[in-house]
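Quick note: the sequence shown uses our numbering, first residue 434, plus one each step. Built from N, CA and C at the ideal position, the CB exists for glycine as well. Worksheet: one structure, shown below.
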Amino acid sequence: MKLKKNTYSQFFLLLTFFFVCWAAPQILQNMRLFSGLLPQILFGIVFAVIAGTLLPLEYSRYRLLRTLPAKRNLFLSFFITLLVVFLISILSEALPGLLTTLHPIPFYVRYALLSFCISFSLWVFAFFILPRLIPDAAAYILCTAVFFGFGFFAQSAFGDFLLSLEMFIAGLLLAIAQAYHNRPWLSFVATYLIIASAMIHRQPYNDFPLWLASLSCILMLWLIFSRYRYIFRSSRHHRH
């Protein structure tokens, strides 16, 4: 009982730090307290690498010992996930812009990298940790929807309620699909496509340095493949 209580309390501390790190760069920019690279470094290194990759993977490495088995037919799971991505793209009005507007190649590279930073951070919490912490499907779906909605509300410095609502719905549908098929890799692909399309449509990081986005992704991938390859294991149980 004490171990379980510690597991939940540590998770809430981890989640709080994650939200603070996500909100801080935009808040600093809005307040114009700091200029230059500081808000961007906070986002790329502190939020994406530390709060979104290192800490949650280190937490799950020692606290969450079981890997949940995949369920349902793979083809049907893929179809449902693709349908979720399509519905969210229509809801956010991102799809028409993606099909009609062309940008320079560095623009797409920048947003591809930044979308990975955000998508993986969301995936670790929503589709790797939460399903193991919350076994009840209904509670898990609700918590994931709130996580997505509040996360993007924090990311906008609590100023974009419409984006928060869109991502609440995205989290809700993605969690329903995850509860159905329980294939985290499929949830990551869907999350990445949704985040990438939304970011390209809204263009919130046009001034973000490409070198910093690249460095953030390199550090994240290095952590994932050098220290936390256990997330790719398919066995029902694993030990450390």
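CB contact flag (residue i, residue j, <8 Å)
i    : j    : result
P489 : V557 : yes
G477 : L645 : yes
T486 : F445 : no
Y663 : R494 : yes
A572 : F452 : no
G604 : A578 : yes
S649 : V482 : yes
CB contact check: residue i to chain D, cutoff 8 Å
i    : result
S493 : In the structure shown, chain D does not exist; there is a single protein chain.
Cβ neighbour criterion (16 or more within 10 Å) applied to residue i
i    : result
R672 : Here the model assigns R672 a pLDDT of 39, short of 50, so the residue's position is not dependable, and the following value carries that caveat. It is exposed - the Cβ of R672 has fewer than 16 other Cβ atoms within 10 Å.
F560 : buried
S668 : Note that S668 scores a pLDDT of 37, beneath 50, so its modelled location is shaky and nothing firm can be said.
F585 : buried
I627 : buried
Straight-line gap, residue i to residue j (C-alpha atoms, nearest Å)
i    : j    : result
I521 : L535 : 21 Å
A612 : I651 : 31 Å
D675 : L563 : One cannot answer for residue 675 here, as it falls past the ends of the chain, which runs 434 to 673.
T642 : R660 : Per the sequence shown, the amino acid found at residue 642 is Pro instead of Thr. P642 and R660: Cα-Cα distance of roughly 27 Å.
H670 : P617 : The predicted position of H670 is uncertain, since its pLDDT is 40 and thus under 50; no value can be drawn from it.
L607 : I633 : 20 Å
S548 : Q473 : 14 Å
T533 : R635 : 14 Å
Cut-off 6 Å between Cβ atoms - residues of its own chain near residue i, not counting five sequence neighbours on either side
i    : result
C454 : V479, F480 and A484
L555 : T624
Contacts around residue i, its chain only, beta-carbon distance under 7 Å, and the 5 residues preceding and following it disregarded
i    : result
N463 : A590
Of the listed residues the options, nearest to residue i (C-alpha basis)
i    : options                   : result
A629 : L470, I513, I551 and L471 : I551
G592 : N615, F549, V622 and A456 : A456
F507 : I627, S647, A631 and L619 : The sequence shown places Leu at residue 507, not Phe. Selected option, being the one with the closest Cα: L619.
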